[in-house]
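Peer 1: Okay, so the sequence shown: first residue is 1441 according to our numbering, each after it adds one.
Each residue gets a CB set at the ideal place from its N, CA and C atoms; glycine is no exception.
Please see the structure below; I have some questions.
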Amino acid sequence: MMNKKTTLSKLLALGAVCLLPTTLFAQKKQKIVYLNKPLITNIYTADPSAHVFNGKIYIYPSHDIDAGIPENDNGDHFAMRDYHIFSLDRIGGPVTDHGVAIDIKDIPWGGRQLWAPDAAYKNGTYFLYFPLKNKNDVFQIGVATSKNPAGPFKTKPSPIAGSYSIDPAIFIDNDGTAYMYFGGIWGGQLQRWQNGKYYANGSKTDLHQDNAPALSCQVVKLKSNMTEFAGPVHDALIVDSAGHQLLGGDHDRRFFEGSWMHKFHGKYYLTYSTGDSHFLAYAIGNNPMGPFTYAGHFMLPVQGWTTHHSIVKFKGKWYIFYHDTELSGRTSLRNVKVTELHHRPDGTIEMINTFTVKNN
Ligand code: FUB
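See the structure below:
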């Protein structure tokens, strides 16, 4: 799953020792000291979308399994088949596993790979949004509903019309308007879509367009029923301080996948993974549709290939939920963690380093 262009020297320059298996550290008498412990240890979990519902934190993660599929850049080894939902009353408190909330066999349009989900609440109903490859092996986004934040959820018979790619993240603004941010390149297939059409062999990928604008995170308003797009999908543009769109070759800063939106002091913070360069980055805007001005990294590479996050305010503090591979040391068997996130008075976000390597 590693970028073919990635060289050992680049990894070392990045300090991305996180990509090396734990055993290598053992041979060299080094050990990894983690900032946080895994929250869930009974199953492997990743891509945690956290929300506060009824005074509790609910976590909607992917459920990683060992499907016996070799790793590749398309992410075929992420062959997840169901979702579990978790809740906790307080950070540091016990975590409850509410069991299977939805199973791939109950999704009539589904083919394979239940990837990073998200959830939302409106008017007495909870909505679970999930990316899944359809029977033609094309990612689309489905939605399921429940009266209980912990499920079980009942899926709509078809994917959301006009949906594509992966990693839905729902943001409801103070005026009640709901937005979905989504998309991911490489295995997330965003590069195969142009003007609402799918090109199976699409070459519109940042891997071949280093000097062209990078592919953008996608954003769309949802109808008040929360199950349909209200209009066209837009590019959530990320620009530099001079107003120029980030370029495809700018792997340290450009959008890759795993977007999230939170609002802080009236500004809209689009946060996302830079994928093959392994950072979490953020960009700030005055409008939920963008444009967003690139503001920096706020999480260094984790132990594992990459991470996927969500940001939530709970009892007056901000938290970031993320994953690494502490429990397994394997890219496709991840575990969810949480740590506090701090905004500085000027609105920038303090850097988080989730592990250090110590000599024994
Ligand atoms: O879990 C499968 C995929 O890996 C997610 O959809 C991406 O965000 C990445 O975490």
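In three-state terms, what does DSSP make of tryptophan 1745?
Peer 2: If DSSP states are grouped into helix, strand and coil, tryptophan 1745 belongs with coil.
Peer 1: Does the Cβ of proline 1478 lie closer than 8 Å to at least one heavy atom of the ligand FUB?
Peer 2: Proline 1478 Cβ: outside cutoff for every heavy atom of the ligand FUB.
Peer 1: What do you reckon, is the C-beta of histidine 1748 under 8 Å from a heavy atom of the ligand FUB?
Peer 2: Histidine 1748 Cβ: within cutoff of the ligand FUB.
Peer 1: Cα separation between asparagine 1574 and glutamine 1470?
Peer 2: Spanning the two alpha carbons is a distance of roughly 44 Å.
Peer 1: Tell me whether methionine 1791 counts as near the ligand FUB, meaning its Cβ is closer than 8 Å to at least one heavy atom of that ligand.
Peer 2: Incorrect: methionine 1791 has no Cβ contact closer than 8 Å to the ligand FUB.
Peer 1: According to the neighbour-count rule (16 or more other Cβ atoms, all chains shown, within 10 Å of its Cβ), is aspartate 1513 buried or exposed?
Peer 2: Its Cβ having fewer than 16 others within 10 Å, aspartate 1513 is exposed.
Peer 1: Tell me lysine 1469's beta-bridge partners as DSSP assigns them.
Peer 2: Per DSSP, none; premise fails for lysine 1469.
Peer 1: Tell me which same chain residues have a C-beta within less than 6 Å of the C-beta of glycine 1515, skipping the five on either side of it?
Peer 2: Correct list, in chain order: Gly1627.
Peer 1: Roughly how many angstroms separate the alpha carbons of glutamate 1668 and proline 1557, rounded to a whole number?
Peer 2: Looking at the two C-alpha atoms, the distance is approximately 16 Å.
Peer 1: Could you give the first and the last residue of the continuous beta strand (DSSP E) run that contains histidine 1718?
Peer 2: Counting along the chain, histidine 1718 falls outside any beta strand (DSSP E), and DSSP gives it neither H nor E.
Peer 1: Residues in its own chain within less than 6 Å of phenylalanine 1593 by CB, not counting five upstream and five downstream?
Peer 2: Taken in chain order, the residues that qualify are Ala1541, Ile1542, Leu1568, Ala1584, Ser1586.
Peer 1: Excluding the five sequence neighbours on either side, which residues of its own chain have a C-beta within less than 6 Å of the C-beta of threonine 1462, listed in chain order?
Peer 2: Low confidence applies to threonine 1462: its pLDDT is 49, below 50, so where it sits in the model is not reliable enough to give any reading.
Peer 1: Could you tell me which residues DSSP puts in a beta bridge with phenylalanine 1669?
Peer 2: Partner(s): Leu1662.
Peer 1: Below 8 Å, is the gap between the Cβ of alanine 1486 and the nearest heavy atom of the ligand FUB?
Peer 2: Within the cutoff, so yes.
Peer 1: Using 9 Å as the threshold, is the C-beta distance between histidine 1674 and glycine 1624 below it?
Peer 2: Their beta carbons are not under 9 Å apart, which means histidine 1674 does not touch glycine 1624 by this criterion.
Peer 1: Is it the case that the region 1479-1499 contacts the region 1758-1768, given that we only count it when at least three CB pairs across the two stretches are under 8 Å?
Peer 2: Flag = yes, the region 1758-1768 and the region 1479-1499 touch.
Peer 1: Between Phe1579, Pro1589, Arg1521, which has its C-alpha nearest lysine 1496's C-alpha?
Peer 2: Comparing Cα positions, the closest option is Pro1589.
Peer 1: How is lysine 1757 classed by DSSP in three states: helix, strand or coil?
Peer 2: Strand, per DSSP.
Peer 1: Please report the distance separating the alpha-carbon of proline 1548 from that of leucine 1572.
Peer 2: For proline 1548 and leucine 1572, the distance between alpha carbons rounds to 11 Å.
Peer 1: What three-state label does DSSP hand glutamine 1553 in the structure shown?
Peer 2: The answer is coil: DSSP assigns glutamine 1553 none of H, G, I, E or B.
Peer 1: Is the beta carbon of methionine 1701 within less than 8 Å of some heavy atom of the ligand FUB?
Peer 2: Answer for methionine 1701: no, Cβ out of range of the ligand FUB.
Peer 1: So what's lysine 1545 in DSSP terms, helix, strand or just coil?
Peer 2: Helix.
Peer 1: Flag methionine 1520 as yes when its Cβ comes closer than 8 Å to any non-hydrogen atom of the ligand FUB, and as no otherwise.
Peer 2: Yes; taking the cut-off as 8 Å, the Cβ of methionine 1520 has a heavy atom of the ligand FUB nearer than that.
Peer 1: Measure how close the beta-carbons of phenylalanine 1622 and isoleucine 1612 come, nearest whole angstrom, since I'm counting them as under 8 Å.
Peer 2: That belief does not hold up - the Cβ atoms of phenylalanine 1622 and isoleucine 1612 are roughly 15 Å apart, past 8 Å.
Peer 1: Using 9 Å as the threshold, is the C-beta distance between glutamine 1685 and alanine 1721 below it?
Peer 2: Result no, Cβ atoms of glutamine 1685 and alanine 1721 do not sit closer than 9 Å.
Peer 1: Given the structure, does glycine 1627 come close to the ligand FUB, in the sense that its CB is under 8 Å from one of the ligand's heavy atoms?
Peer 2: True, at least one ligand heavy atom lies under 8 Å from that Cβ.
Peer 1: Hey, quick one: how far does the beta strand (DSSP E) through histidine 1524 stretch, first residue to last?
Peer 2: Start and end: 1522-1528.
Peer 1: So the beta strand (DSSP E) lysine 1703 belongs to, where does it begin and stop?
Peer 2: 1697-1704 is the extent of the beta strand (DSSP E) around lysine 1703.
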